[in-house]
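In the working numbering, the protein residues as written are 2 to 67.
Each residue gets a CB set at the ideal place from its N, CA and C atoms; glycine is no exception.
Owing to the predicted nature of the structure, the values given are computational and were not obtained by experimental measurement.
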Amino acid sequence: MTSFYLFEYSDAAPGCATYLGGELNHDETEWNIFERRPFEMKVEKKYVLQITDKSIKNVNFDMEGG
């Protein structure tokens, strides 16, 4: 049986932008966009998103999990 993971993002809270303009510090990620087993993956690199939208003063979430 294949599991799929879905999430819903809400921009209703302060610090959660509708659009987040930024640049990732790596050109490619280590995972596929439709990863079948995300919790089994071992991510080797440290990923940092540099916000490029000057109107965003506060970000209130992280890209990491668990």
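Distance, Cα to Cα, residue i vs residue j?
i: residue 51; j: residue 21; result: 10 Å
i: residue 27; j: residue 48; result: 7 Å
i: residue 14; j: residue 60; result: 10 Å
i: residue 35; j: residue 56; result: 31 Å
i: residue 10; j: residue 16; result: 12 Å
i: residue 46; j: residue 33; result: 15 Å
i: residue 58; j: residue 39; result: 31 Å
Taking DSSP's pairing of strands, which residues face residue i in a bridge?
i: residue 52; result: 23
Skipping 5 residues on each side, what residues in its chain have a beta carbon closer than 6 Å to that of residue i?
i: residue 44; result: 31
i: residue 67; result: Annotation note: pLDDT 46 at residue 67 (below 50); position unreliable, no value reported.
To the nearest whole angstrom, what separates the beta carbons of residue i and residue j, a pair I think is in contact under 8 Å?
i: residue 53; j: residue 29; result: Not confirmed; about 19 Å, so no contact.
i: residue 3; j: residue 12; result: In fact, because the Cβ distance is near 30 Å, the residues do not count as touching under 8 Å.
Leaving out five residues on either side along the sequence, give the residues of the same chain with a beta carbon under 7 Å from the beta carbon of residue i.
i: residue 37; result: 3
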